[in-house]
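Structure record follows, encoded as structure tokens.
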Amino acid sequence: EYFTFHRELEAHHEEAMEDVLGTHKSDPEAREKFMQGAKEILDLEEKFWLGLATQ
Numbered sequence: 010e011y012f013t014f015h016r017e018l019e020a021h022h023e024e025a026m027e028d029v030l031g032t033h034k035s036d037p038e039a040r041e042k043f044m045q046g047a048k049e050i051l052d053l054e055e056k057f058w059l060g061l062a063t064q
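The numbering of the sequence shown is our numbering, which starts it at 10 and goes up by one.
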């Protein structure tokens with residue numbers, strides 16, 4: 010159930026991120042900041058999941 014719920018939640022999150030990025034798609038600096046922030050979040054998520062795997 011967790012993953013079903015989480016997937017539904019992520020669908021809305023993806024739509025919101027597309028809207029935000031769409032607003033700034035012609036601004037290279039804003040796009041770079043967005044991509045850097047996304048990479049940082051993904052790196053943190055990787056650490057989280059790898060940490061769970063070692064427990």
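Quick reminder that beta carbons are idealized off the backbone N, C-alpha and C, glycines included. Predicted model, so just to flag it, every value in this text is computed and none were measured.
Express the C-alpha separation of Ala25 and Asp52 in angstroms, rounding to a whole number. Position 43 of the sequence shown, counted from the first residue, corresponds to residue 52. Position 16 of the sequence shown, counted from the first residue, corresponds to residue 25. For Asp52 and Ala25, the distance between alpha carbons rounds to 21 Å.
If you follow the alpha helix (DSSP H) that His22 is part of, which residue opens it and which one closes it? For the purposes of this step, residue 22 is identified with residue 13 of the sequence shown, where counting begins at 1. That run of the alpha helix (DSSP H) goes 11 to 32.
From the DSSP output, in three-state form, read off Asp9 for me. A question about residue 9 goes unanswered here, because the residues of the chain that appear run from 10 up to 64.
For Glu41 and Gly31, what's the separation of their Cα atoms in angstroms? Your numbering for residue 41 matches position 32 in the sequence shown. Your numbering for residue 31 matches position 22 in the sequence shown. Distance between the alpha carbons of Glu41 and Gly31 is about 13 Å.
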